[in-house]
Each structure stands twice: as structure tokens, then as C-alpha cells.
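Asks: Shown below is the structure under consideration.
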Amino acid sequence: MGKAKMSGAKALVRTLESQGVEVIFGYPGGATLPIYDELAKSSIRHVLTRHEQGAAHMADGYSRATGKTGVCMATSGPGATNLVTGLANAYMDSSPLVAITGQVPRPMIGNDAFQEVDITGITIPITKHNYLLQKASEIPHSLQEAFYLASTGRKGPVLLDIPKDVQLEIFSPHQAKYPALEGYRPTVAGHPGQIKRAVTLLKSAQKPLIIAGGGVSLASARDLLVRLAEKADIPVVYTLMGKASFPNSHSLCFGLMGYHGRIEANHAISNADVILAVGTRFGDRSTGPLATFATQAKIIHTDIDPAEISKNVPSYIPIVGDAGQVLEQLVELVPEQKHDQWMLELRETAERHPLKGKSSGVIIPNILRILKSLVQDPIIVTDVGRHQIFTAHYFPVDSSHSFVTSGGLGTMGFGVPAAIGAKVGRPDRPVIDIAGDGSFMMTCQEVAAAVAEDIPIVVLVMNDYCLGMIKQLQDASYGRRYEACKFGRNVDFARLAESMGAAGFKVTREDEIAPAIEKSLAAGRTAVVDCVLDDPGNVYPMVTGSSLLEYVE
Amino acid sequence: MRHTISILCDDTPGVMTRVSGLFSRRGFNIESLSVGHTELPGKSRFTIVTTGDDAVLEQVRKQLQKLVHVIKAWDIKQNEAVEREHALLKIEVEDKRRAELLQIVTAVQARIVDSSASIWILEVTGDTGSVDNAFNLFKDYHILESIRTGKIALERGPSRVMKK
């Protein structure tokens with residue numbers, strides 16, 4: 000940064016450039032106009048969204064598809080509060096994000112000024128850290144610190160709230176000394192003693208199992224996990240967030256675990272004698288009832304966040320550290336082993352419990368099967384609901400950063416904007432959002448943003464004219480009293496898409512599925528396929544009792 | 000189970016909200032909280048007294064430790080620390096009871112820090128038990144107002160959280 004005096008807004012844009020930011024997803028307002036004025040002179044791309052929630056999800060999707068830190072921006076007041084769902088979503092799934100919000104000028108803060116809201120107060124529980132900047136000279140350092148915090152340790156969103164007069168304030172940039180972050184020192188390498196204990200325990204195991212969580216992907220440690228599993232011949236199950244953490248078609252992979260998990264995966268958890276859990280927080284959808292979870296197993300839990308150790312599930316050997324470093328340490332020391340008997344047990348269980356989805360008709364499993372045959376190495380994005388679980392089961396992904404889903408918060412409406420962000424980050428890969436009709440309607444206005452910005456995503460709307468997961472729960476637990484789950488008036492999603500300038504297709508017969516998908520992939524522009532399902536079909540397996548072994552399939 | 004938690008943190012705006020928010024989110028009532036400067040420039044130290052299940056409290060401690068401005072959060076063991084509270088009581092003094100009240104003031108090592116015609120302000124310092132005891136003895140008199148600080152606690156011996 001030169002010695003010349005500059006405004007806070009200019010310093011902000013300069014610092015974003017020096018951080019390597021390529022794109023900002025945002026929506027302007029009165030309190031961010033000085034920044035936009037500088038952004039116009041910058042090489043950084045700005046994607047104008049149709050709602051600030053979309054901006055946050057786009058930055059999130061961008062981050063998940065690339066591993067980089069996503070950036071979103073909104074104005075003060077309602078602009079900032081509209082980011083809240085997106086920030087909470089990124090926080091729950093440990094997605095690195097930097098959010099910038101405008102704030103009313105300093106002298107007006109606390110006066111209930113027009114479009115004033117205490118966004119740093121609001122976002123304390125849903126950000127890793129946040130700042131309310133008081134001086135333009137703080138901007139360069141705080142922004143650098145925000146990127147550092149977002150992308151290290153347990154990753155997550157960081158918010159900077161910048162009053163408009165601070166953006167306009169002229170200052171002389173200088174190399175001031177700032178205090179180090181004394182309270183922030185993430186443990187990266189696993190403790191050697193704990194690593195040795197873990198190796199000894201793994202060596203002694205007859206029925207070892209690896210749980211792959213989202214932390215493996217966040218640490219870019221997927222290949223190391225494959226090496227470890229192969230070397231020690233250990234079967235792998237994954238959480239929803241960990242779906243892309245291990246190649247799904249690998250012979251050691253036994254699928255999704257948990258509440259909607261595969262029978263063989265949950266059988267493995269319930270019968271394993273040693274479990275190595277990597278980068279998972281043992282969320283309730285992954286464990287089912289805790290009292291009966293993995294009762295036969297001694298658990299080695301490795302996570303970058305010490306607060307996750309023994310939070311939900313007691314760990315026998317905790318290892319705090321980065322998944323990449325810890326797995327490297329383990330791969331080094333673990334001996335080559337064979338667990339033929341255990342593997343046979345799991346394979347037989349798997350054969351006895353195939354997925355029951357039919358490969359005919361306009362139903363989600365069949366659409367996903369056809370999609371799989373028509374597209375090479377896509378990034379699959381999902382919304383939240385029945386289609387999300389179907390996708391986890393019926394669309395195997397084998398490369399990294401291939402599965403983008405809202406795991407922890409379960410945010411309906413995540414899909415379309417997350418897919419847009421993913422496509423901006425990875426224009427070389429097909430990006431396909433599998434949506435439900437409920438989820439799609441929550442953020443479908445972002446299709447217009449994708450069209451305007453020429454971002455060719457494909458959205459497949461699994462349209463059953465109802466809230467499928469709600470209906471499934473009402474089936475299971477509320478005597479089929481379908482209250483507030485049917486939409487009443489149906490929307491023609493193909494025409495809705497066309498009205499926004501996207502290609503729209505409608506599928507009502509099985510023989511229309513493949514042509515519609517082919518056309519949408521070849522359209523070269525944003526495309527929406529309205530798949531009118533002829534049998535909504537509940538998603539199974541589903542745990543129904545007090546343990547993972549009591550289920551409907 | 001009652002716990003005393005000590006937190007060393009940066010002295011920065013908003014740190015109180017971040018700290019207390021973690022307690023309320025877990026449904027913990029903060030019985031007392033005191034915060035002030037330390038021998039380290041730019042650093043504050045909290046002493047928080049709270050009641051709760053050990054495992055959940057350990058989770059709160061770990062979450063506190065994750066706050067960027069928190070340098071260290073730890074549980075102080077009562078028998079390894081010196082603990083003090085401070086209280087002020089405004090008492091209306093009747094002439095005929097002045098002598099006996101003075102006896103109690105001496106007995107509990109309180110100090111009269113302000114006195115006017117018939118109003119005394121007493122200062123009491125001690126561990127929680129001693130301050131409770133003083134309040135007990137004064138309760139038969141006409142207490143107009145009283146106030147207690149939160150507890151502060153320092154571990155015995157040469158240990159220190161952080162060097163300058």
C-alpha cells in the first residue's frame with residue numbers, strides 16, 4: 000500500500016485485492032455506496048444478487064467449491080439482517096466467509112437512525128468473530144485479520160461492520176504494529192503421544208471404522224484419508240457434510256451414516272470396536288440417539304476444534320489438530336493390515352439392504368440415476384428436504400469439492416445461490432442444483448442474477464407440489480394429518496425460469512427426463528428443469544427407534 | 000455444582016457481551032460477575048460465579064476459550080485460591096442501638112466509610128461466607144440500601160496466567 004492518503008473505502012478495496020479476492024457477492028445500499036464507488040475502479044468482479052441472503056449463500060457455495068474464502072457484502076439495516084441466515088448457515092458448516100456490511104455514520108450509531116441495526120450484536124453467536132470499525136486506519140489490518148481468522152483453525156464466517164463515514168474518512172496508510180492475536184492459536188499438529196496411542200488402538204482393532212466428516216474436505220485431506228483407509232484396510236462411512244470427503248464408489252466406502260443412513264453404515268457404527276472419527280462434530284442427525292451410539296467402540300476423535308471433543312460423544316483418545324496433519328501422522332505409523340472378516344460382514348449387510356429406489360418413472364432416484372449417466376464430474380448442490388437425502392444416497396461423488404449442501408443449519412433456499420457461487424468459483428465444472436419445489440421458491444429470484452451475470456447453472460426442481468420432508472414426518476409421527484404441507488396452487492417452474500431469461504424445461508414423463516437434462520446441460524446458460532414427480536415417495540432408510548438399528552427401509 | 004471461572008481477555012468493547020452471551024445461551028445463570036484491569040496493560044480479567052452441570056460447564060469453558068479476545072478461560076478450585084467480595088450497606092442508626100451496632104461492625108471487621116446524622120455507610124470485605132455472615136448480623140437493623148460486588152479470586156502460589 001502506497002504512502003498516498005486514501006479513503007477507508009479505497010483501502011478496503013485495495014486490501015481485498017491484496018488478499019486475492021476475485022469476486023464479491025453483494026447488494027448495494029446507501030451505507031455501502033462509497034465502497035461500490037471504489038469497486039468500480041477495481042478488477043474484482045461483483046455479482047449483483049437479488050437478495051442479500053443470496054449473497055451470503057453464493058459466497059458460501061463459492062467457498063465450498065473452491066476451498067477459498069468467499070466474500071459477501073450488504074448495506075446497513077435490512078441488508079445486514081438479510082445476511083443473517085447465510086452467516087448462520089456458514090457458521091454451522093464451518094465455511095470460511097468474510098462479510099462486509101455498511102453501517103450508519105458514527106455520530107448516528109445508537110440513535111435509531113434510518114437503516115441502523117446492531118449487526119455486530121446480532122451476529123455474535125453466528126460468526127467466528129466480528130468487528131465494528133471505528134477508524135479508516137483500522138480497515139487494512141482488520142480485514143487481513145478477518146481473512147486469517149475465517150480461513151484458519153476451525154473455519155467460519157467473520158463480519159466487518161463499517162460505518163459510512165469511516166468509509167469516507169481520508170487517512171495515510173502506514174505500517175503500524177498491531178498486537179498479535181494472543182488468544183487465537185489453533186492447534187494444527189496432533190500430539191505425538193496421542194497419535195501413538197491411536198495407532199496402537201487401531202492396530203489392536205478387529206472391527207475398525209472410519210467416520211469421514213466435513214472437516215476432511217475443509218482440510219483438503221481427502222487423499223490422505225484414502226491412503227490411511229487403504230493401508231490399514233478400514234471401512235469408511237461418511238456424514239452428510241463428509242460425503243465428498245471419501246470417494247463414494249471406493250470399495251471401502253459404506254455410505255451415509257445416521258438418521259437417514261445406510262443400514263450397512265449404521266450396522267458398522269453399532270458393531271465397530273474402534274472408530275476413528277475425523278473432522279466431525281457428531282451432530283444429532285449423524286449419531287441418532289446418543290445413548291445407543293457406537294456402544295461397542297472406543298472412539299478416537301480428531302478435530303481442529305477442542306470444543307468438539309467429547310461435546311456429544313465421549314472420546315477415548317482425543318486428538319486436537321488439522322485433519323490433514325493428523326492423518327499424515329497416522330498414515331506414517333499405521334501398519335498395513337487386513338480385516339477380511341469384518342469387511343465381509345459389512346458387504347453382506349450391504350447386499351441384504353440395497354437402496355429401494357426404483358429405476359423407472361419420474362421419481363427422484365431415477366432422475367438422479369439418469370443425471371449421473373449424462374454428466375461428467377459435476378459439483379452437486381442440494382437444497383434441504385427429502386431430495387437432499389435422496390441425492391446423498393443416489394448420486395455418488397468421487398472427487399473433492401463435489402457435494403455442496405446445507406448440513407448443520409438445514410437452510411431451505413441454499414441451493415440456487417450456493418450453486419451460483421460454486422459455478423463462479425469453478426466455471427470449468429458442471430454445477431447442478433438438486434432442489435425441492437419448496438426450497439426453490441425461497442431463493443428462486445437468484446435465477447435472474449445468474450442469467451444477468453451469465454452463470455450457467457442447472458437447477459433440477461423435484462416438484463411434488465408439497466413440502467416432502469414435512470409430509471414424511473407427518474406420515475411417520477402425526478397420523479398423516481397433512482397440515483400446511485401442500486402448496487395449493489402449483490407454480491410452473493419452467494415458465495417462471497423463462498420469465499427471468501433462463502432456459503426452462505418441464506418433465507412429466509419418464510422419456511422426457513434424459514432429453515431435458517441433456518438440453519439444460521448444453522444450453523450454455525442458466526437452466527431450470529421442472530421435474531413433476533409422479534410418485535413423491537418418502538426417503539428411506541429412516542431411523543424410527545431409540546438406536547440406529549431400528550429403522551424403516 | 001457451583002463454579003468460579005476466571006477469564007483473561009483483551010480489554011476491548013463488546014467482550015462482555017461475547018462472554019455473557021455464551022452463558023445465557025447454555026441456560027446458565029451468572030450468579031456474579033466482576034471484571035477489571037490487571038497487571039497486564041490492555042488486559043482484563045473476569046471472575047464469574049455460576050452453577051451448572053460439570054460437563055456442560057466444561058463446554059462453556061471451551062467455547063469461551065474459542066472467543067478471539069479470550070486468552071485463557073479456566074475453572075478456579077476454591078481451596079487453591081483466595082476469594083474476596085466487597086459490599087456496601089447504608090444503615091439507619093437509631094441512637095439507642097448505636098453501641099451494639101458498633102460492636103458488630105468491629106466483630107465483622109467492617110468499616111464505617113461515611114456517616115451523617117443517623118446514616119452510616121458500612122464497607123465489608125471478605126470471602127463469600129464472611130460477607131454473608133455480616134449481612135446476617137446487620138439484617139436486624141434498618142438497611143436502607145445494600146450492594147455487593149461479584150467475587151474476585153486469585154490462585155495461591157507463584158503461578159501466573161501470563162507474563163508481561
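Protein chains in written order, with numbering that gives the first Met the number 0: chain A, 0 to 552; chain B, 0 to 163. From the three backbone atoms N, C-alpha and C, an ideal C-beta is built for every residue, glycine too. Values in this document were obtained by computation on a predicted structure and should not be read as measured data.
1) Looking only at its own chain, which residues have a Cβ that is under 6 Å from the Cβ of B/A86, when we skip the five neighbours before and after it?
2) Distance check for B/F134 and A/L217, CA to CA, integer angstroms please.
3) What's the gap between the Cα of A/F253 and the Cα of A/A243?
4) Where in the region 335-390 of chain A do unbroken runs of the beta strand (DSSP E), each at least 3 residues long, occur, reported from the N-terminal end onward?
5) Compute the Euclidean distance between the alpha carbons of A/M0 and A/P172, then round it to the nearest angstrom.
6) Please name the residues in the region 61-74 of chain B whose beta-carbon is closer than 8 Å to at least one beta-carbon of chain A, in chain order.
7) So, helix, strand or coil for B/H141, using DSSP?
8) I need the straight-line Cα distance from A/Y550 to A/H392, nearest angstrom please.
9) Where are the alpha helix (DSSP H) runs, 4 residues long or more, that stay fully inside the region 452-490 of chain A, in chain order?
10) Find the residues of chain A that neighbour B/G20, judging by a C-beta separation of less than 8 Å, and give them in chain order.
11) Suppose you measure from the CA of A/I318 to the CA of A/E181; what does that come to, to the nearest Å?
12) Hey, out of A/D376, A/T186, A/A513, A/S399, whose CA is closest to A/I362's CA?
13) Can you list, in chain order, the residues of its chain with a C-beta nearer than 6 Å to that of B/V160? Leave out the 5 residues immediately preceding and following it.
14) Would the region 377-388 of chain A and the region 463-470 of chain A be scored as touching if the rule is three or more Cβ pairs under 8 Å?
15) For A/L132 and chain B, any beta-carbon pair shorter than 8 Å?
16) Looking at the unbroken alpha helix (DSSP H) that takes in A/R261, where does it start and where does it end?
17) How many Å lie between B/L121 and B/A109 at the Cα?
18) Counting only beta-carbon separations shorter than 8 Å, does A/H128 have a partner in chain B?
19) Of the residues A/D427, A/D474, A/R480, which one's Cα is nearest the Cα of A/A64?
20) Taking 8 Å as the threshold (beta carbon to beta carbon), is B/I151 in contact with chain A?
21) Would you verify that the beta carbon of A/P162 is, or is not, closer than 8 Å to some beta carbon of chain B?
22) To the nearest angstrom, report how far apart A/T442 and A/I194 are at their CA atoms.
23) Could you give the DSSP three-state label for A/E327: helix, strand or coil?
24) Count the other CB atoms within 10 Å of the CB of A/K127; is the residue buried (16 or more) or exposed (fewer)?
25) Look up A/R508 in the DSSP assignment and say whether it is helix, strand or coil.
26) In the DSSP output, what is A/K297 paired with across the bridge?
27) Let me know the beta strand (DSSP E) ranges lying completely inside the region 383-451 of chain A, each 3 residues or longer, listed in chain order.
28) Assign A/T68 to one of three DSSP states: helix, strand, or coil.
29) Under 7 Å Cβ-Cβ, which residues of chain B neighbour A/K505?
30) Give a yes or no on whether the C-beta atoms belonging to B/L88 and B/I151 are separated by under 8 Å.
31) Counting only the same chain and skipping the five closest in sequence on each side, list residues whose C-beta sits under 6 Å from that of A/S72.
32) Whose CA, out of A/L329, A/A515, A/L227, lies closest to the CA of A/L367?
33) Mind reading off the beta-carbon distance from A/S93 to A/K154? Whole number of angstroms is fine, and I expect it under 8 Å.
34) Kindly indicate which three-state DSSP category A/M0 falls into: helix, strand or coil?
35) Do A/S62 and A/E115 count as a contact pair if the criterion is CB distance below 8 Å?
36) Within 10 angstroms of the Cβ of A/T301, are there 16 or more other Cβ atoms? Answer buried if so, exposed if not.
Replies: Judging by the given coordinates:
1) Sequence-distant Cβ neighbours of B/A86 in its own chain, meaning closer than 6 Å and more than five residues away, are V123, V130, R147.
2) Using only the alpha carbons, I get a separation of about 56 Å.
3) A/F253 and A/A243 have their C-alpha atoms some 13 Å from each other.
4) Annotation: the region 335-390 of chain A contains the following complete segments of the beta strand (DSSP E) (minimum length 3 residues), in chain order: 378-381.
5) Caution is warranted here: a pLDDT of 48 is assigned to A/M0, below 50, making its placement in the model unreliable, and no coordinate value can be reported.
6) Here the close residues are K61, Q62, Q64, K65, L66, V67, H68, V69, I70, K71.
7) The answer is strand: DSSP assigns B/H141 an E or B state.
8) C-alpha of A/Y550 to C-alpha of A/H392: approximately 16 Å in a straight line.
9) Segments of the alpha helix (DSSP H) lying fully in the region 452-490 of chain A: 467-476.
10) Neighbours of B/G20 on chain A, chain order: I123, P124.
11) For A/I318 and A/E181, the distance between alpha carbons rounds to 22 Å.
12) A/I362 has its Cα closest to that of A/A513, out of A/D376, A/T186, A/A513, A/S399.
13) L7, K71, listed in sequence order.
14) Yes: the two stretches touch, three or more of their Cβ pairs being nearer than 8 Å.
15) Interface residue (Cβ-Cβ distance to chain B less than 8 Å): A/L132 is not classified as such.
16) Looking at the DSSP string, A/R261 is not in any alpha helix (DSSP H), and its letter there is neither H nor E.
17) Computed Cα separation, rounded: 6 Å.
18) Interface flag for A/H128 against chain B is set, since a Cβ pair is found closer than 8 Å.
19) With distances taken between Cα atoms, A/A64 lies closest to A/D427.
20) With respect to chain A, the C-beta atom of B/I151 has no partner C-beta closer than 8 Å.
21) Closer than 8 Å to the CB of A/P162 there is not a single CB belonging to chain B.
22) Just so you know, the alpha carbons of A/T442 and A/I194 end up roughly 45 Å apart.
23) In the structure shown, the three-state DSSP call for A/E327 is helix.
24) By the 10 Å Cβ count, A/K127 comes out buried.
25) In this structure, A/R508 counts as coil in the three-state DSSP scheme.
26) In the DSSP assignment, the residues bridged to A/K297 are A/V273.
27) The qualifying runs are 430-435.
28) Coil, per DSSP.
29) Per Cβ cutoff of 7 Å: no residues; A/K505 is ~46 Å from chain B at best.
30) Remark: C-beta atoms of B/L88 and B/I151 do not approach each other more closely than 8 Å.
31) Note on residue identity: the sequence assigns Met, not Ser, to residue 72 of chain A. Taken in chain order, the residues that qualify are I23, G25, I99.
32) The candidate whose alpha carbon is nearest that of A/L367 is A/A515.
33) At roughly 5 Å, the Cβ-Cβ gap stays under 8 Å, so A/S93 and A/K154 are in contact.
34) With a pLDDT of only 48 at A/M0, under the threshold of 50, the placement of this residue in the model should not be trusted, and no figure is reported.
35) Cβ atoms of A/E115 and A/S62: not closer than 8 Å.
36) Buried, since its Cβ has 16 or more Cβ neighbours within 10 Å.
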